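Heads up, the thing below is written out as structure tokens.
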Amino acid sequence: MCGIVGYVGSRSVSEFLLEGLHRLEYRGYDSAGIAVISDGEISVRKKAGRVMELARLVEEQPLFGNIGIGHTRWATHGETTDANSHPHLGGNGEVVIVHNGVIENHDSLRNQLIALGYVFHSQTDTEVAAHLMAHHLSEQLKLNSDEPCVDTCLRAVNLTLDRLKGTYGICVMFRDCPDTIIAARSGSPLVIGVGKNEYFLASDSSPLIGCTQDVVYLADNEVVVLNATGMKIAHRTTGRVQPSIQTLDQVSADIDLGNYPHYMLKEIFEQPTSVENAMRGRLDEGEATAVIGGLNLTAQQLRTFDRVVLTACGTSWHAGLVGEYLLEEFARLPTEVEYASELRYRNPPISDRTLVFSITQSGETADTLAAMRECQRKGHPTLSICNVVGSTIAREADGGIYLHAGPEIGVASTKAFTSQVTVLSLLALYLGRMRHLSYPAGKRIIKQLREMPEKIEEALKCHERVQEISEKYAHFNNFLYLGRLYNFPVALEGALKLKEISYIHAEGYPAAEMKHGPIALVDEQTPSVFIVPKGGIQPKVISNMEEVKARRGPVIALACEGDKEVERIADDVIIVPDVEEYLQPLVCAIPLQLLSYHIALLRGCNVDRPRNLAKSVTVE
Ligand code: M6R
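Take a look at the structure:
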């Protein structure tokens with residue numbers, strides 16, 4: 007949550023900061039701001055609202071300079087006002103900071119600072135850190151007036167960080183050290199872009215694309231001092247760190263909208279390719295299995311596990327539910343799917359023979375990271391299924407599988423879901439084939455997986471039909487999403503998509519479970535979306551549809567072509583390709599993503615930036 011950018015070099019800094027914030031806006035869009043040092047003065051422009059509004063302000067009141075920091079906010083402490091926007095000045099304007107994270111002991115620190123005479127202009131926890139920084143700076147200046155200013159500033163930063171409880175990715179500039187940015191992280195990500203006589207800072211690599219390919223990921227408890235001629239990274243307790251420079255392989259086309267009006271639509275239509283990329287080089291026809299490097303466990307070790315725990319949040323958790331069914335069906339491995347936010351504080355019995363996977367698009371979700379660390383603390387190897395290369399979870403996991411879906415920018419997760427399901431299918435095949443899944447069964451699964459990009463392409467043909475249906479249903483305020491077996495998680499995912507971008511109340515349920523309570527919601531004003539493609543228990547789901555119709559509930563059905571029975575009962579049918587049951591989530595998710603997209607548009611909602619949400623949830 008919240009996006010941070012910084013720059014020091016010879017470029018015009020405002021342009022980089024504004025473009026960077028624009029690219030990070032998915033992390034939070036309650037307000038935005040930048041600070042620039044020029045002629046020995048710190049100047050700040052900040053505004054509640056979108057980065058676009060900040061850009062307008064900067065156009066009216068330009069900021070010139072070659073060093074600066076910026077922030078796009080997802081509010082935690084204090085409303086979305088100009089005053090609560092970052093950057094925050096400390097003391098009498100000698101320090102300026104931007105911060106991502108939560109300072110848990112802000113209240114007691116604030117009281118101590120007020121007693122020392124500091125005046126607060128906002129309700130944020132960040133301003134506490136800014137004043138504390140100014141306080142330690144003034145103390146250190148009294149004690150060490152002869153040393154280089156940068157050393158004093160660094161000491162002030164470290165003394166401040168020592169007193170903060172909580173999480174932070176923080177960037178600081180000092181009026182009297184006008185060529186330097188100091189940044190540090192503990193729990194909130196920061197990546198440094200290394201240029202020629204210039205350095206960039208950001209919460210993730212997207213602002214760096216097109217500027218530099220060389221990056222260093224700051225680790226927890228590291229602090230970096232940047233100026234145009236160099237960077238020094240130190241671990242706050244163990245000392246100097248030799249930075250490991252990595253190469254970014256993203257290209258700017260990946261983050262351009264192209265001809266699409268929204269990232270969400272672009273990402274929905276990217277799914278034939280993203281699913282193909284998730285499988286690329288990972289199918290071994292000869293052995294009828296998947297090839298999964300990166301787990302850092304030998305086949306022999308993998309065979310010793312007798313249970314799997316998948317942990318995740320939101321959409322990734324839904325993908326995990328599909329994974330549970332796949333792992334149990336292909337590999338006969340008992341699997342549990344845990345909300346990471348629960349797992350982190352529970353004390354479930356995880357034995358040495360339990361394999362734990364964290365599933366995450368961003369690799370930065372605070373709860374998922376904390377659950378992973380908790381498992382690692384207890385000595386369990388924890389692997390990740392992650393999209394963002396170099397993200398904290400990907401780096402800290404003991405091994406893992408990348409999705410290779412490319413950047414997902416729309417806040418509503420779409421292509422990450424189908425890539426996660428694809429990777430989980432590969433994993434189930436791999437673990438299954440080293441247990442008792444037969445060669446012919448492995449061959450059949452591979453054949454079907456190979457067909458999936460084409461099948462998803464076919465599923466996308468429903469676009470116009472979904473658009474029509476959306477017009478008919480956009481005014482309803484309650485929806486039920488119902489499916490069984492592999493399509494139960496799809497129902498949950500469909501409901502989540504509708505809720506998060508169109509603010510319509512929606513519930514996902516196993517179709518048969520409906521009669522144990524939710525059926526009481528059914529009336530003419532509550533449409534039910536049934537996911538009812540061909541399969542073993544389709545007749546049972548059809549009976550559930552009848553039950554809804556008998557109570558005058560409107561029914562939208564996702565079904566295979568020519569399914570007369572479904573056509574007879576449903577008010578509206580959306581055609582999905584006929585695929586094996588265990589791969590149905592890959593095609594059935596598509597119309598549901600499109601349905602929520604079009605309903606949200608018709609209701610005038612901002613599909614890429616839904617209210618109250620942020621793309622990666624880096625706070626608890
Ligand atoms: O980056 P992650 O996969 O860890 O994110 C988990 C959830 O925050 C995320 O899936 C969220 O539910 C999406 N907005 C859903 O569209």
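For the sequence shown, the residue numbers in the numbering used here are 7 to 626. We put the beta carbon where it would ideally sit given N, CA and C, even for glycine. These numbers were taken from a predicted model, which means no experiment stands behind them.
Below 6 Å CB to CB, which residues in the same chain sit around residue i once its five sequence neighbours on both sides are set aside?
i    : result
H137 : G96, L119 and Y124
A418 : M270, K503, E506 and I507
N393 : Q367, L409, A411 and A422
S212 : R29 and I261
H511 : N484
R439 : T295 and G448
E330 : T341 and V343
G541 : E587
Using only CA atoms, which one of the options lies nearest to residue i?
i    : options                   : result
Q277 : L488, V579, R181 and A422 : A422
V395 : L433, S18, E293 and G405  : G405
A281 : R456, L63, G500 and A517  : The sequence shown places Val at residue 281, rather than the Ala named in the question. Taking only the C-alpha atoms, the option nearest V281 is R456.
Y603 : H92, G416 and E519        : G416
T158 : V101, K53 and Y13         : V101
G26  : Q67, H77 and V579         : H77
I274 : R401, M520, I40 and A465  : A465
S44  : Q473, R181 and V593       : R181
L564 : I548, V582, R558 and K570 : V582
G99  : N612, P213, I451 and A41  : A41
G299 : I407, F311, G385 and P267 : I407
Q599 : E586, V547 and V535       : V535
V547 : G559, P533, D529 and E519 : E519
C217 : C468, Y13 and T428        : Y13
S549 : D569, I575 and V200       : I575
R191 : G15, I605, D614 and I239  : I239
A305 : M139, I580, L433 and V593 : L433
Here's the rule I'm using: 16 or more other beta-carbon atoms within 10 Å means buried, otherwise exposed. How should residue i be labelled?
i    : result
L149 : exposed
P597 : buried
F70  : exposed
A620 : buried
K478 : exposed
E667 : Absent from the structure is residue 667, since the part of the chain shown begins at 7 and ends at 626.
N233 : buried
T235 : exposed
E344 : buried
S622 : buried
M58  : exposed
L361 : buried
T244 : exposed
A595 : buried
L332 : buried
P154 : exposed
R263 : Looking at the sequence provided, one finds Leu at residue 263 rather than Arg. Exposed: under 16 other Cβ atoms inside 10 Å.
T310 : exposed
D113 : exposed
P495 : buried
L122 : exposed
D255 : exposed
Measure the beta-carbon distance from residue i to residue j and round it to whole angstroms, keeping in mind my assumption that it falls under 8 Å.
i    : j    : result
A497 : Y487 : 4 Å
T253 : Q219 : 5 Å
E133 : H142 : Rounded, the Cβ-Cβ distance is 15 Å, inconsistent with contact.
A4   : L303 : The question about residue 4 has no answer, for the chain in this structure spans 7 to 626.
A517 : R490 : 5 Å
E204 : R17  : 7 Å
Excluding the 5 residues flanking residue i on each side, which residues of the same chain have their C-beta closer than 7 Å to its C-beta?
i    : result
H241 : N227, E228 and V247
W80  : M7, C8, R33, G34, D36 and A620
P673 : Outside the displayed span of the chain (7 to 626) sits residue 673, for which this structure offers no information.
V554 : V528, S534 and V561
Tell me which same chain residues have a C-beta within less than 8 Å of the C-beta of residue i, skipping the five on either side of it?
i    : result
L527 : N484, L486 and E513
E460 : P278
S209 : C8, G9, I10, V11, L30, R33, N106, G175, S194, P195, L196 and V197
C319 : Y345, A346, S347, T366, T371, D373, T374 and V623
Q544 : V538
L160 : I188, V229 and V231
L24  : I40, V57, L60, A61, V64 and G76
K53  : S37, A38, G39, E59, L60, L63, D88 and S91
Quick one: complete beta strand (DSSP E) runs, 3+ long, within the region 518-587?
Runs found: 534-537, 561-565 and 578-581.
Jot down the residue ranges of each uninterrupted alpha helix (DSSP H) in the region 475-504, minimum 4 residues, whole runs only, in chain order.
For the region 475-504, not a single whole alpha helix (DSSP H) run of length 4 or above is found.
Counting only runs of 3+ residues fully inside the region 153-224, write out the beta strand (DSSP E) ranges in chain order.
Fully enclosed beta strand (DSSP E) runs of 3 or longer: 174-180, 183-192, 197-200, 205-208 and 220-223.
Alpha helix (DSSP H) runs wholly inside the region 255-318, at least 4 long, in chain order
If we require 4 residues or more, the alpha helix (DSSP H) runs fully inside the region 255-318 come out as 269-275, 277-285 and 305-309.
May I have a chain-ordered list of the alpha helix (DSSP H) segments no shorter than 4 residues that lie completely inside the region 589-619?
Every unbroken stretch of the alpha helix (DSSP H) spanning 4 or more residues and falling wholly within the region 589-619 is given here in chain order: 590-608.
List, from N- to C-terminal side, the beta strand (DSSP E) runs of 3 residues or more that fit wholly inside the region 102-163.
Scanning the region 102-163 for uninterrupted beta strand (DSSP E) segments of 3 residues or longer gives nothing; none is fully contained.
Please list the segments of the alpha helix (DSSP H) lying wholly inside the region 8-53, counting only runs of 4 or more residues, in order along the chain.
Within the region 8-53, the runs of alpha helix (DSSP H) that reach at least 4 residues and sit entirely inside it are, in chain order, 19-30.
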